[in-house]
């Protein structure tokens, strides 16, 4: 769901503006009504991510959280700068950094869950592996 809504919302945001701005962020940037729909799609797909990560936070190593946090801060800063200074398509790497900042802990969570499942399959609960 997250990946699909990220692509869908990003695609809607990347489309040329067709209507008046809802608000202005800079001389050439500001969300139109269509952009607002893209933002809503992005947010709707993103909302389950922090809930999932919070509930499973113990499975994700600390260095992964640090890397994701640094990536999110750098991406946010770069996105604000590119939009405020009207740097054209340079917002795209910033947005990609923000998406990657979300994907890093999700991938780490997937790896940790897979390892946990493999360990449980090899050592089922209640059994000692010895026969009788």
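Residue numbers (our numbering): 21 to 152.
The beta-carbon is built from N, C-alpha and C at its ideal position, and this holds for glycine as well.
> Whose C-beta lies closer than 7 Å to the C-beta of residue 128 among residues of the same chain, with five residues either side of it excluded?
Replying inline: 80, 81 and 84
>> Just verifying my parser: in three-state terms, what is the DSSP assignment at residue 56?
In response: helix
> Do you know whose CA, among 64, 38 and 46, lies nearest residue 27's CA?
Replying inline: 64
> What is the rounded straight-line gap between the Cα of residue 124 and the Cα of residue 110?
Replying inline: 22 Å
>> Our contact map puts residue 104 next to residue 46 with C-beta atoms below 8 Å; I'd like the distance itself, whole angstroms only.
In response: 5 Å
>> As a quick exercise: from 119, 68 and 71, pick the residue whose alpha carbon is nearest that of residue 93.
In response: 119
> Taking the alpha carbon of residue 101 as the point to measure from, which residue in 115, 132, 88 and 22 has its own alpha carbon closest?
Replying inline: 115
>> On a Cα-Cα basis, can you pick out the residue from 98, 61, 113 and 75 that is closest to residue 31?
In response: 61
> Sorted by chain position, which residues of the same chain lie with C-beta nearer than 8 Å to residue 52's C-beta, five sequence neighbours on each side aside?
Replying inline: 37, 38, 39, 40, 41 and 42
> Hey, residue 126 and residue 69 are a contact pair by Cβ (cut 8 Å); roughly how many whole angstroms apart?
Replying inline: 7 Å
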